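Asker:
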Amino acid sequence: MTVNHGGTLGIDFFVAYIKLIMNSRRCSFEEAKTITLDLFFNRNENQFGKQTYNHFLLAFEKITENQ
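This is the structure we're talking about:
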């Protein structure tokens with residue numbers, strides 16, 4: 875997935891992204907989190923800025939709470 879560095883990615887973006895990974899790979903929340911860190915962030919929390927990474931963490935919490 876190509877993402878421009880022009881703005882902060884929101885919580886809803888990451889909710890959709892994580893759910894897509896979970897559905898397409900038929901994996902757990904934790905596996906989806908690891909896959910996202912590997913593929914999206916390249917294991918670098920600062921890849922797209924701290925706020926984007928924090929939105930990723932909040933999205934993961936939101937999904938976990940809704941289950």
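For the sequence shown, the numbering used here assigns the number 875 to the initial residue and increments by one for each residue that follows. We put the beta carbon where it would ideally sit given N, CA and C, even for glycine. Quantities reported herein were computed from a predicted structural model and do not represent experimental measurements.
#1: In the DSSP assignment, the alpha helix (DSSP H) including Q925 goes from what residue to what residue?
#2: Leaving out five residues before and five after G884 in sequence, what residues of the same chain have Cβ atoms less than 8 Å from its Cβ?
#3: Pop quiz: I937 and I909 are said to be a contact at Cβ under 8 Å. What is the actual Cβ separation, rounded to whole angstroms?
#4: Using a Cβ-Cβ cutoff of less than 7 Å, which residues in the same chain neighbour V889 once the five nearest sequence positions on both sides are dropped?
#5: Could you name the residues of the same chain whose beta carbon sits closer than 8 Å to that of T926, not counting the 5 residues immediately before and after it, in chain order?
Answerer: For this structure:
#1: Within the sequence shown, residue 925 is the residue found at index 51, counting from 1. Element bounds for Q925: 924–940.
#2: The residue you call residue 884 lines up with position 10 of the sequence shown. Closer than 8 Å at the Cβ level, and outside the excluded window around G884, lie H929.
#3: Locating residue 937 in the sequence shown gives position 63, counting from the first residue. Locating residue 909 in the sequence shown gives position 35, counting from the first residue. At roughly 14 Å, the Cβ-Cβ gap does not stay under 8 Å, so I937 and I909 are not in contact.
#4: Residue numbering aside, residue 889 sits at position 15 when the sequence shown is read from its first letter. Within the same chain, V889 has close Cβ partners A933, K936, I937.
#5: Taking the sequence shown and counting its residues from 1, the one referred to as residue 926 is at position 52. So the list reads T882, L883, once near-sequence residues are dropped.
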